[in-house]
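Right, one structure below, let's go through it.
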Amino acid sequence: MATLFRFWASARQVLPKHFTRTLSSAPSSSLTHTEKKEPKESEITSITVDAKDDITSLSGVPEEHIKTRMVRICVPARNPMQSGTFNTKNWRIEFETRERWENPLMGWTSTADPLSNMIVNFSSKEAAVEFCEKNGLLGVLCGGRKGTSI
1 MATLFRFWAS ARQVLPKHFT RTLSSAPSSS LTHTEKKEPK ESEITSITVD
51 AKDDITSLSG VPEEHIKTRM VRICVPARNP MQSGTFNTKN WRIEFETRER
101 WENPLMGWTS TADPLSNMIV NFSSKEAAVE FCEKNGLLGV LCGGRKGTSI
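If you count by full-length UniProt numbering, then the sequence shown holds residues 1 to 150, one letter each, in order.
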């Protein structure tokens, strides 16, 4: 009983204050939500934004990667080894490939480009386009593919 009480005391500290435990005939595990006060109209303030902000100078990315870099916004192709539609409804941003060279020591392909292997996934085309506009990236929009069912 003592360990149960200690567990309940520690769990009670984690619960938000607007949840209370009912001690009526309801099951012991039920929680009810208590009403919160609505804010007065004088306490509510609204903020209006006239134009979209350009955050390219705040992002920390070098300007040569922002102004001269092209991105491709597209839907990834379906894996030919699968029969389902997994990962074909998301949109992605892929950065263009810059200079690469063969490493003379190991023969591996090397690059000095930090964004060459970066792919950013989005749930919709609009979200990907908005991300590019917000970060000042020049993008090429590839059309979405529609699958054909047999």
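Quick reminder that beta carbons are idealized off the backbone N, C-alpha and C, glycines included.
Inset, instruction - Give me whichever residues DSSP pairs with E64 in a beta bridge. - result: Numbered from its first residue, the sequence shown carries residue 64 at position 64. Its beta-bridge partners do not exist; DSSP assigns none.
Legend entry - Coil, strand or helix - A77 by DSSP: As a first step, residue 77 must be located in the sequence shown, where it is residue number 77. Three-state DSSP puts A77 in coil, outside helix and strand.
Inset, instruction - Quick one: give me the first and last residue of the alpha helix (DSSP H) that F131 is part of. - result: As a position in the sequence shown, residue 131 is number 131, starting the count at 1. Where F131 is concerned, the enclosing alpha helix (DSSP H) stretches over K125 to N135.
Legend entry - Unbroken beta strand (DSSP E) run spanning R100, endpoints: Position 100 of the sequence shown holds residue 100. First-last of the beta strand (DSSP E) with R100: R100 to E102.
Legend entry - Cα-Cα separation, A127 to V120: Here residue 127 refers to the residue found at position 127 of the sequence shown. Here residue 120 refers to the residue found at position 120 of the sequence shown. Between A127 and V120, the C-alpha separation is close to 11 Å.
Legend entry - DSSP beta-bridge partners of I119: Residue mapping note: residue 119 aligns to position 119 of the sequence shown, counting from 1. Within the DSSP bridge table, the entry for I119 names E94 as partners.
Inset, instruction - Would you kindly work out how many angstroms separate the C-alpha atoms of T111 and T45, rounded to a whole number? - result: Taking the first residue of the sequence shown as position 1, residue 111 is located at position 111. Taking the first residue of the sequence shown as position 1, residue 45 is located at position 45. Rounded to whole angstroms, T111 to T45 spans 50 Å at the Cα level.
Inset, instruction - Could you check which residue in E96, W108, R92 and T109 has the C-alpha nearest to that of G143? - result: The residue you call residue 143 lines up with position 143 of the sequence shown. Ranking the options by Cα distance to G143, first place goes to R92.
Legend entry - Per-residue burial, L105 [other beta carbons within 10 Å of its own, 16 or more giving buried]: Counted from its first residue, the sequence shown places residue 105 at position 105. It counts as exposed.
Legend entry - Boundaries (first-last residue) of the beta strand (DSSP E) holding T109: Here residue 109 corresponds to residue number 109 of the sequence shown, with the count starting at 1. According to the DSSP assignment, T109 belongs to the beta strand (DSSP E) that extends over T109 to T111.
Legend entry - Check: T109 C-beta below 8 Å from any heavy atom of the ligand NAP: In the structure shown, the ligand NAP is absent, as is every other ligand, since no ligand is present at all.
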